[in-house]
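Structure first, then comments.
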């Protein structure tokens, strides 16, 4: 969607983006992005990706584009698209774009789960 303006002094009609879908100019903080990622839940385990220890790093550039260094519980996980879509939805309005750099080293293990994540897993019946 665009809005058209008429520049009276030059007689030129210009088109500029409408305010809908406004791009954020101030880069988000790592903490803001991490906080949003608590809403991204691993569909198989029912625990968020932060408490599972799947987020290895968060990098935000001056254009407010965030890149996550992220892993999964298994490289063969068929749900990468689901998690990626959730992450993009969760960070919408916080960053202008979210990119995920899937990393496999070091491999994920149960030692990466936070204490809160362990409590949540125990509540679901897992023995961790």
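Residue numbers (my numbering): -12 to 115.
The beta carbon of each residue, even a glycine, is placed where N, CA and C say it ideally should be.
Would you mind working out which of the options sits nearest residue i, comparing C-alpha positions?
i: residue 54; options: 111, 81, 114, 106; result: 81
i: residue 109; options: 26, 39, 18, 15; result: 39
i: residue 71; options: 15, 19, 28; result: 28
i: residue 154; options: 44, 115, 36; result: There is simply no residue 154 to check, as the chain begins at -12 and stops at 115 in what is shown.
i: residue 14; options: 26, 78, 67, 61; result: 78
i: residue 97; options: 32, 63, 56; result: 32
Return the CA-CA distance between residue i and residue j, expressed in angstroms with no decimal places.
i: residue 76; j: residue 83; result: 11 angstroms
i: residue 47; j: residue 22; result: 14 angstroms
i: residue 59; j: residue 50; result: 27 angstroms
i: residue 44; j: residue 115; result: 24 angstroms
i: residue 30; j: residue 66; result: 8 angstroms
Run through the DSSP bridge pairs and tell me what residue i is partnered with.
i: residue 27; result: None, per the DSSP bridge assignment.
i: residue 88; result: 56
i: residue 44; result: 56
Can you tell me the Cβ-Cβ gap for residue i and residue j, rounded? I've got them flagged as a contact below 8 angstroms.
i: residue 133; j: residue 24; result: No statement about residue 133 is possible, as the shown extent of the chain runs from -12 to 115 and does not include it.
i: residue 34; j: residue 86; result: That belief does not hold up - the Cβ atoms of residue 34 and residue 86 are roughly 23 angstroms apart, past 8 angstroms.
- prompt: Touching or not, the stretch 102 to 115 and the stretch 86 to 93, by the rule of three or more beta carbon pairs under 8 angstroms?
  reply: no
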